[in-house]
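Residues 2 to 481, numbered by my numbering, are exactly what the first sequence covers, in order.
Built from N, CA and C at the ideal position, the CB exists for glycine as well.
Note sheet for the following structure.
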Amino acid sequence: MTGVRLYDSATRTVRPFEPLVAGRVGIYDCGPTVYSYQHIGNLYRYIVADVVRRTFEYCGYKVTQVMNITDVGHLFDDADQGTDKMEQAAKREGRDPAAIAKHYTDHFLADRAKLNVLPPHVMPYATEHVPEMIEAVKTLIAKGHAYPAADGVYFDITTFPGYGARLNPPGSFAERQAGARVEVNDAKRHPYDFALWRAAKPGDLQQWDSPWGRGNPGWHIECSVMSMKYLGETFDLHSGGEDHLFPHHECEIAQSEAATGKLFVRNWMHTYFLSVDGGAMHKSKGNVYLVSDFAAHGCEPLAFRMLALGVGYRKSLDFTWRALQDAQRRLDRWRSAIGGAWQRLQGSTGAVDPADPVKAAFAEAITDDFNTPRALAQAEAALDLVNGSDGALRARGLAILFDMDQVLGLGLRASAEATVLLGDVERALLDERAAARAAKDFARSDALRAQLQAKGILVKDTSEGQRWERVSRVSEGEPA
RNA sequence: GGCGACGUAGCCAAGUGGUAAGGCAGAGGUCUGCAAAACCUUCAUCGCGGGUUCGAUUCCCGCCGUCGCCUCCA
Numbered sequence: 002m003t004g005v006r007l008y009d010s011a012t013r014t015v016r017p018f019e020p021l022v023a024g025r026v027g028i029y030d031c032g033p034t035v036y037s038y039q040h041i042g043n044l045y046r047y048i049v050a051d052v053v054r055r056t057f058e059y060c061g062y063k064v065t066q067v068m069n070i071t072d073v074g075h076l077f078d079d080a081d082q083g084t085d086k087m088e089q090a091a092k093r094e095g096r097d098p099a100a101i102a103k104h105y106t107d108h109f110l111a112d113r114a115k116l117n118v119l120p121p122h123v124m125p126y127a128t129e130h131v132p133e134m135i136e137a138v139k140t141l142i143a144k145g146h147a148y149p150a151a152d153g154v155y156f157d158i159t160t161f162p163g164y165g166a167r168l169n170p171p172g173s174f175a176e177r178q179a180g181a182r183v184e185v186n187d188a189k190r191h192p193y194d195f196a197l198w199r200a201a202k203p204g205d206l207q208q209w210d211s212p213w214g215r216g217n218p219g220w221h222i223e224c225s226v227m228s229m230k231y232l233g234e235t236f237d238l239h240s241g242g243e244d245h246l247f248p249h250h251e252c253e254i255a256q257s258e259a260a261t262g263k264l265f266v267r268n269w270m271h272t273y274f275l276s277v278d279g280g281a282m283h284k285s286k287g288n289v290y291l292v293s294d295f296a297a298h299g300c301e302p303l304a305f306r307m308l309a310l311g312v313g314y315r316k317s318l319d320f321t322w323r324a325l326q327d328a329q330r331r332l333d334r335w336r337s338a339i340g341g342a343w344q345r346l347q348g349s350t351g352a353v354d355p356a357d358p359v360k361a362a363f364a365e366a367i368t369d370d371f372n373t374p375r376a377l378a379q380a381e382a383a384l385d386l387v388n389g390s391d392g393a394l395r396a397r398g399l400a401i402l403f404d405m406d407q408v409l410g411l412g413l414r415a416s417a418e419a420t421v422l423l424g425d426v427e428r429a430l431l432d433e434r435a436a437a438r439a440a441k442d443f444a445r446s447d448a449l450r451a452q453l454q455a456k457g458i459l460v461k462d463t464s465e466g467q468r469w470e471r472v473s474r475v476s477e478g479e480p481a
């Protein structure tokens with residue numbers, strides 16, 4: 002089993018990963034709130050989480066990856082708040098929250114599949130864990146960490162020393178308080194006490210019975226409850242976006258550890274936001290892009306995965322259409338080389354030597370805090386072998402690339418296999434063209450090449466005969 | 001205002017106290033009936049100004065710029 006080094010947001014250092022249970026790793030990824038389509042920034046984060054999970058598996062760990070679906074808004078019908086996501090969506094679309102959640106969850110999962118993001122092993126829904134959340138709130142009240150108030154139940158942060166300072170710089174929380182301009186909610190004892198349970202308000206579409214009357218759960222409690230339910234009270238790795246550093250994950254830590262008296266999470270991981278054209282995505286700027294927008298720019302979803310792999314997750318990727326198109330070209334080049342080699346080798350690559358230096362360099366890169374850009378550079382080294390004229394090296398390079406793709410997830414083997422799946426007509430045209438070339442009938446040969454091109458098959462002549470590949474130029478598009 | 005992150009070639013980006021991976025684009029060349037590939041060569045002194053050091057892109061300070069968080073957003 003290969004060791005993995007990773008950055009931990011709590012200690013702010015890169016250190017060797019040490020699993021709670023030898024050979025296993027439990028991961029909880031904060032999932033999306035499904036009130037609208039997930040944009041590329043959201044999806045980018047799940048590509049990163051996917052690479053993390055694949056890396057551990059590549060290294061021989063038995064992984065349990067849990068990702069929640071937040072299908073409750075924890076929101077109340079209060080026009081002043083203006084942040085009533087699930088409610089707003091329900092009203093906007095004239096559907097109930099369950100239908101909204103279903104629609105956007107399905108779309109999210111479909112986008113993930115297009116990006117070769119593997120399904121998590123467990124995918125709990127918040128609405129199916131409300132009883133457990135209520136139990137957790139009762140426990141916190143019983144232990145003196147929470148108190149019922151007029152409009153809900155709040156966590157008392159003064160009962161958890163160090164609140165807000167696990168993932169954030171020491172002292173920063175005090176500064177936040179000083180700078181806070183938030184009007185104090187009279188129901189709360191402390192401005193930063195956070196809701197565990199909210200009393201229902203008139204018009205709430207999502208509400209449940211509880212010991213504190215009808216209402217809905219606070220945002221943070223669902224992640225504590227669901228992560229501990231499926232991974233245990235202490236688990237290995239918890240990931241989220243950089244925006245979760247405060248308050249979400251600090252709240253999770255406080256309520257979880259207050260309830261169990263145990264360390265909640267051993268490693269915290271946060272993905273930085275991607276920017277678009279050098280700045281933030283904003284609806285007002287019209288640059289909140291979806292996977293379904295790629296086709297219009299001649300790109301496939303997997304080009305976005307290639308682009309994402311080209312950046313470290315702790316630096317922010319700057320997304321531009323040009324960058325995506327560059328990634329598409331890179332992906333096309335890989336496929337072209339791999340498809341050609343696959344045809345020459347007739348589908349046999351042999352096994353990968355576990356001690357292969359290129360593979361070793363790749364493993365070294367990917368296990369160094371998931372350094373995908375460096376890993377890609379090693380894949381390019383393997384690609385050089387594939388492009389060479391030596392048949393043995395070609396087989397070796399191909400085998401290495403397929404091995405690497407267990408982590409990269411670019412579907413390289415599938416694209417290679419697709420090149421040899423020809424229809425009878427295509428096959429006949431290729432055979433006829435080979436005959437024409439042998440007879441030096443170039444006019445006929447060129448005409449046949451044009452015909453094949455029209456069928457999406459690019460033919461190339463090499464010293465070893467014709468090679469061909471499917472041109473994946475996206476034209477069919479993918480409706481939103 | 002407070003706290004934090006980032007600023008590397010035309011573009012996307014690795015990285016290190018000792019003169020900077022990889023990809024895309026560009027330029028020149030080889031090969032080729034043509035085309036497409038492939039191959040070879042070529043393309044940066046690391047935001048600005050100081051400081052520490054024998055030596056800094058890499059450490060420290062200041063400035064400028066971008067981004068994030070400061071109650072429900074990946």
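A residue is called buried when at least 16 other Cβ atoms come within 10 angstroms of its Cβ; G398 meets this threshold and is buried. Bounds of the beta strand (DSSP E) holding R468 are 466-471. Bridge pairing for F156: A147, F195 [DSSP]. At the C-beta level, K461 and R450 stay beyond 7 angstroms of one another.
Put simply, the backbone Cα of L7 is about 8 angstroms away from that of T368.
With respect to the C-alpha of F18, the residue from G4, C31, G27 having the closest C-alpha is G4. In this structure, the alpha-carbon of D391 lies about 11 angstroms from that of D385. Judged by beta-carbon spacing, T373 lies beyond the 7 angstroms limit of L413, meaning their Cβ atoms are not closer than that value. Residue environment for D447: exposed (fewer than 16 other C-beta atoms within 10 angstroms of its C-beta). In the three-state DSSP reduction, T12 falls in the coil class, being neither helix nor strand. Between A111 and I101, the C-beta gap is not smaller than 7 angstroms, which leaves the two residues out of contact. Q66 is bridged by DSSP to I28.
Per DSSP, the continuous beta strand (DSSP E) segment holding W269 begins and ends at 266-272. Distance between P98 and V53, taken at the CA atoms: about 32 angstroms.
Contact between the segment 122-142 and the segment 205-217 is established, with three or more Cβ pairs separated by less than 8 angstroms. DSSP places L206 outside both helix and strand once states are collapsed to three, so it counts as coil. Taking C-beta separations shorter than 8 angstroms and ignoring five residues to either side along the sequence, the partners of T463 in its chain run G341, following chain order. Remark: C-beta atoms of T106 and I70 approach each other more closely than 7 angstroms. For K115, the enclosing alpha helix (DSSP H) starts and ends at 98-115.
Contact between G262 and H249 fails: their C-beta atoms lie close to 22 angstroms from each other, not under 8 angstroms.
Cα atoms of V408 and E253: separation of roughly 30 angstroms, rounded to the nearest angstrom. Looking only at H108, T272, R199, N217, the smallest Cα-Cα distance to E243 is reached by T272. Less than 7 angstroms divides the Cβ of A383 from the Cβ of L402. Per the DSSP secondary-structure output, V123 pairs in a beta bridge with V67. For N43, the enclosing alpha helix (DSSP H) has its first and last residue at 41-59.
7 angstroms or more divides the Cβ of E470 from the Cβ of S349.
Between the C-alpha atoms of A417 and I339 there is a straight-line separation of about 6 angstroms. Take M307, set aside five residues on each side of it, and the residues of its chain with a beta-carbon closer than 7 angstroms to its own are A328, R331, L332, L411, in chain order.
By the Cβ-count criterion, G219 is buried, with 16 or more other Cβ atoms from all chains shown falling within 10 Å of its own Cβ. L325 and Y36 have their alpha carbons spaced roughly 27 angstroms apart.
P17 has R6 as its beta-bridge partners, per DSSP.
The three-state secondary structure of D354, taken from DSSP, is coil.
Under the DSSP assignment, K461 falls outside any alpha helix (DSSP H), being part of the beta strand (DSSP E) whose first and last residues are 458-463. Taking a C-beta distance under 7 angstroms as the contact criterion, V277 and F320 qualify as a contact pair. Note that the C-beta distance between D30 and A50 is below 7 angstroms.
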